[in-house]
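Everything below concerns the one structure shown next.
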Amino acid sequence: MLVLDPQTGDAASTKRTLRADKIISSFGTDGKTLAKAEAIGNSELDIEPGGTGPDIYRTMVAAPRFDCDFYPGRNFARKCVAGRGVRTRRLPTVAREGRGEQVMISETATAAFRADSRDVDTLTAEGNARFTELDRNASASRFVFNAATEVVQLRGGTPTAWDSRARGRAREIDWDVRNQRSRLTGGVSTTYYSQGATGSSTPFGSVNDPVYITSNTAEIDHRTEVAVFAGNARAWQKDNFVKGGQITIFQNEGRFRAETDVESQLYGVKTRGTGGTVPVFANASRMDYERNASQITYTGSVRIKQGPEQINSEVARIFLSKENEIERAEFEQDVIISQPGRTASGRTALYFAADERVVLRGEPARVQDPRSGATQSAEITVFLRDNRAIAEGRSDTNRTGRNRSVYKVQNPD
Numbered sequence: 015m016l017v018l019d020p021q022t023g024d025a026a027s028t029k030r031t032l033r034a035d036k037i038i039s040s041f042g043t044d045g046k047t048l049a050k051a052e053a054i055g056n057s058e059l060d061i062e063p064g065g066t067g068p069d070i071y072r073t074m075v076a077a078p079r080f081d082c083d084f085y086p087g088r089n090f091a092r093k094c095v096a097g098r099g100v101r102t103r104r105l106p107t108v109a110r111e112g113r114g115e116q117v118m119i120s121e122t123a124t125a126a127f128r129a130d131s132r133d134v135d136t137l138t139a140e141g142n143a144r145f146t147e148l149d150r151n152a153s154a155s156r157f158v159f160n161a162a163t164e165v166v167q168l169r170g171g172t173p174t175a176w177d178s179r180a181r182g183r184a185r186e187i188d189w190d191v192r193n194q195r196s197r198l199t200g201g202v203s204t205t206y207y208s209q210g211a212t213g214s215s216t217p218f219g220s221v222n223d224p225v226y227i228t229s230n231t232a233e234i235d236h237r238t239e240v241a242v243f244a245g246n247a248r249a250w251q252k253d254n255f256v257k258g259g260q261i262t263i264f265q266n267e268g269r270f271r272a273e274t275d276v277e278s279q280l281y282g283v284k285t286r287g288t289g290g291t292v293p294v295f296a297n298a299s300r301m302d303y304e305r306n307a308s309q310i311t312y313t314g315s316v317r318i319k320q321g322p323e324q325i326n327s328e329v330a331r332i333f334l335s336k337e338n339e340i341e342r343a344e345f346e347q348d349v350i351i352s353q354p355g356r357t358a359s360g361r362t363a364l365y366f367a368a369d370e371r372v373v374l375r376g377e378p379a380r381v382q383d384p385r386s387g388a389t390q391s392a393e394i395t396v397f398l399r400d401n402r403a404i405a406e407g408r409s410d411t412n413r414t415g416r417n418r419s420v421y422k423v424q425n426p427d
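Below, the structure written as structure tokens:
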């Protein structure tokens, strides 16, 4: 056993103990201080801090062999290389919620020590490296752990991080263990094992099916449970999807946001006559989903399309039923409805899925087709499946009284 005591009076200094079946040491040119040490058979390097604290850990590295180099003339290790088949444990000196024993397993490991405190500066684990802390896990070809920042860099192979709810893969992963944050860069692929695993904070209907998200980068705050996916972000479950320049999930709040060139296919509306469900596509500058309100809001150049029909506006609010189906919708600012053989416009519009009815309001609201001409009024109800429109309220020719007319659209030949 080789024991190197901490510096006298330095609470930040560490005590390092090297144990093995056999230890071979050699001295430097001064003949007094160590230059090298070899630990052979059942070797363990125990790095014990001089004090305790929430961010202070005891590090224990076990391996069949260690080779250590020492700082010239200073009698303490500069670097220790362990192999083959290494197990590294970091034990917190003070227990606290959300933190636990950290375990790294790899083929080889290299510990580099600071010259001032003699504590570990970096710990590099190479070859099928795996990391575990409580419910959190990670794997890659190589880990580089910085003791000062407590950031684990996952590099090589397919860096992957996962827990009981989700899994993330990327070309590079930086895992901030202290602040419980992760950054994924390059070809990010994330899987939430179910909609329930997201806290039902994504706008998808199935509770038990997985939710997938891909992007160029991802920033995840595990404490606040906020995840930001940026660059060609796409979230989907089965046939439903949302795409945008950036997607943010606020899991604790049950909110989902997509921004920049948003496209979505969500839910479907049952159409009379066919008995089938036609998917609803939407484009907008931004989309917000609120779990508690069962509401989706699209803003900015909104275009919603179902089959041959399309509604344009600046704002659209979609209200969902308990079954997560579209129940009704509100449209605001420059509303235009387009159907084969008919267009309608107004300042606002209300859509009711039960009877596929739209109530247009404006100054005035207007319906027209090339065969039957046009009608306009303060309020027009358009029945999307019946080729029928009812105008009620004041019109340009009757500003003092109520106007009611039934407008029958002739289908084009």
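First residue of the sequence shown? That's 15 in my numbering, and the numbers climb one at a time after it.
C-beta: ideal position from N, C-alpha, C; glycine also.
Can you tell me whether residue i is buried or exposed? The criterion is at least 16 other CB atoms within 10 Å of its CB, across all chains shown.
i    : result
D35  : exposed
S428 : Lying before the first or after the last residue shown, residue 428 is absent from the chain, which here runs from 15 to 427.
E337 : exposed
V108 : exposed
D383 : buried
S278 : buried
E273 : buried
F84  : buried
R183 : buried
S359 : buried
N326 : buried
T86  : Here the sequence assigns Pro to residue 86, which means Thr is not the residue at that position. Burial call: exposed.
L32  : buried
I61  : buried
A241 : buried
Q390 : buried
Could you compute how far the alpha carbon of residue i sits from the alpha carbon of residue j?
i    : j    : result
T199 : A392 : 53 Å
G245 : T262 : 12 Å
T47  : S229 : 54 Å
R300 : N254 : 17 Å
G259 : R181 : 22 Å
R380 : E239 : 47 Å
A503 : F270 : The requested residue 503 is not part of the displayed model; the chain covers only 15 to 427.
M15  : G65  : 23 Å
S409 : P378 : Residue placement at S409 is poorly supported in this model, since its pLDDT is 47, which falls under 50; the coordinates still yield a value, given next. For S409 and P378, the distance between alpha carbons rounds to 7 Å.
A154 : R144 : 7 Å
T43  : A51  : 15 Å
T28  : V202 : 39 Å
T174 : T146 : 12 Å
L334 : S386 : 35 Å
V166 : I37  : 31 Å
L398 : V372 : 7 Å
R128 : R110 : 27 Å
T124 : T205 : 33 Å
P354 : G112 : 59 Å
R179 : L59  : 35 Å
A307 : Y207 : 24 Å
D135 : A49  : 19 Å
I187 : R197 : 6 Å
Please state the DSSP three-state secondary structure of residue i.
i    : result
T216 : coil
G268 : coil
Q209 : helix
A184 : coil
D275 : strand
R286 : The pLDDT assigned to R286 is 49, lower than 50, so where the model puts this residue is not dependable; a value taken from the coordinates is nonetheless given after this. Residue state, collapsed to three classes: coil.
P86  : coil
S178 : coil
K336 : coil
T362 : strand
V240 : strand
I173 : Reading the sequence as shown, one finds Pro at residue 173 and not Ile. P173: coil per DSSP, three-state reduction.
D44  : coil
K252 : coil
L152 : Reading off the sequence, residue 152 comes out as Ala, not Leu. In the structure shown, A152 sits in a strand (DSSP, three-state: E or B).
E115 : coil
Which partner residues does residue i have in the DSSP bridge list?
i    : result
P106 : Y71
A247 : G258
N326 : R317, I350
T5   : The question about residue 5 has no answer here: the residues shown for the chain are numbered 15 through 427.
T122 : G97, E140
M301 : A272, Y312
Q382 : T357, A388
N306 : Beta-bridge pairing links N306 to no other residue.
Q167 : V158, D188
A77  : S57
V17  : T31
L198 : I187, A232
State yes or no: is the C-beta of residue i nearer than 7 Å to some heavy atom of the ligand SAH?
i    : result
V294 : As for the ligand SAH, it is missing from this structure, which has no ligand bound.
(message) Closer than 8 Å is the cut-off here; do at least three beta carbon pairs connect the stretch 137-145 with the stretch 157-171?
(response) yes
(request) Report yes or no: do the stretch 317-328 and the stretch 294-303 share at least 3 C-beta pairs separated by less than 8 Å? (result) yes
(message) Any contact between the stretch 86-97 and the stretch 211-218? By contact I mean 3 or more CB pairs, one from each, below 8 Å.
(response) no
(request) Decide if the stretch 309-317 is in contact with the stretch 351-366; the criterion is three or more beta carbon pairs, one per stretch, under 8 Å apart. (result) The stretch 309-317 is not in contact with the stretch 351-366.
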